[in-house]
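If you count the sequence shown from 1, position 174 lands on 187 in this note's numbering, and the numbers rise without skipping.
We put the beta carbon where it would ideally sit given N, CA and C, even for glycine.
Here the structure is a predicted model, which is why all the values come from computation and not from measurement.
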Amino acid sequence: MARPLSDTARRALIDATLILIAEGGPDRVTVDEVARRSGVAKTTLYRHFDSSADLLHTALTNLRSDIGAPDTGSLRGDLTEMIQRFRHLADTMSLRDIMIGVLNRSLKDDEFSSVHQRLRDERTDPIREVLTRAAERGELRNDVNIDTAIALVEGPFIVRQMMDDVIPGPTEADAIVDLIVRALCTPR
14 MARPLSDTAR RALIDATLIL IAEGGPDRVT VDEVARRSGV AKTTLYRHFD SSADLLHTAL
74 TNLRSDIGAP DTGSLRGDLT EMIQRFRHLA DTMSLRDIMI GVLNRSLKDD EFSSVHQRLR
134 DERTDPIREV LTRAAERGEL RNDVNIDTAI ALVEGPFIVR QMMDDVIPGP TEADAIVDLI
194 VRALCTPR
């Protein structure tokens, strides 16, 4: 069994992978290039990651780990906080290029397609948690389907990012949250 990967080596590998993804998409991520950029030996990479898809999954999961599922006590507050966290993440790298690269590779590569599905599930889990808590607090209408609501929450932001290469600013994000809350919540 391989020795645990040190925090320093793990951070170097993840950073190198994310930079490569941002520069040229997931197809740019190779063991040779990640090892060269990170300064971590290829043998270490092979011991801790089954494939480049596994390394990509780890790096992309780490990228979103700061978003989480906030609990402010209201759906409006949770969505607003989640969007602020997402905006901070988006300020650090070109999410549009990453999303296009991930989608493109998942269409061509069966192994990466399953990674893409896991990433999608992991991306929607915090939204599901926020919506489920809102339902438990009695904020959501009884007829709201959580999966449909997830699409409603994600949709405007993904479309703006993919089509316009824009992350909605605070005013637009607040307007989107207002529309979502009106669509999903029981009138008070």
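Asked	Found
Endpoints, the alpha helix (DSSP H) within which Phe62 is located	From DSSP, Phe62 is part of no alpha helix (DSSP H); its letter is neither H nor E.
Cα-Cα separation between Gly38 and Val172, rounded to whole angstroms	19 angstroms
Reduced DSSP category for Leu18 - H, G, I as helix; E, B as strand; rest coil	coil
Inter-residue spacing [alpha-carbon to alpha-carbon] between Tyr59 and Ala188	47 angstroms
Exposure label - Leu68; buried when at least 16 CB within 10 Å	buried
Residue interval of the alpha helix (DSSP H) (run including Asn117)	Leu108 to Lys121
Within the region 128-181, ranges of the alpha helix (DSSP H) (whole runs, at least 4 residues)	159-177
Close-in-space but distant-in-sequence residues of the same chain around Ala29 (CB under 7 angstroms, 5 per side omitted)	Val47, Arg50 and Ser51
Exposure of Leu120, with buried meaning 16 or more beta-carbon neighbours within 10 Å	exposed
The region 190-198 in contact with the region 143-162 per 3-pair CB rule at 8 angstroms	yes
Buried versus exposed call for Ser65 [16 or more other C-beta atoms within 10 Å across all chains shown]	buried
Minimum C-alpha distance to Pro183 - residue among His101, Val115 and Asp110	His101
Beta-carbon spacing of Val194, Arg89 below 8 angstroms	yes
CA-to-CA distance, Arg146 to His70, given in whole angstroms	28 angstroms
Arg98 versus Ile140: straight-line alpha-carbon distance, rounded	13 angstroms
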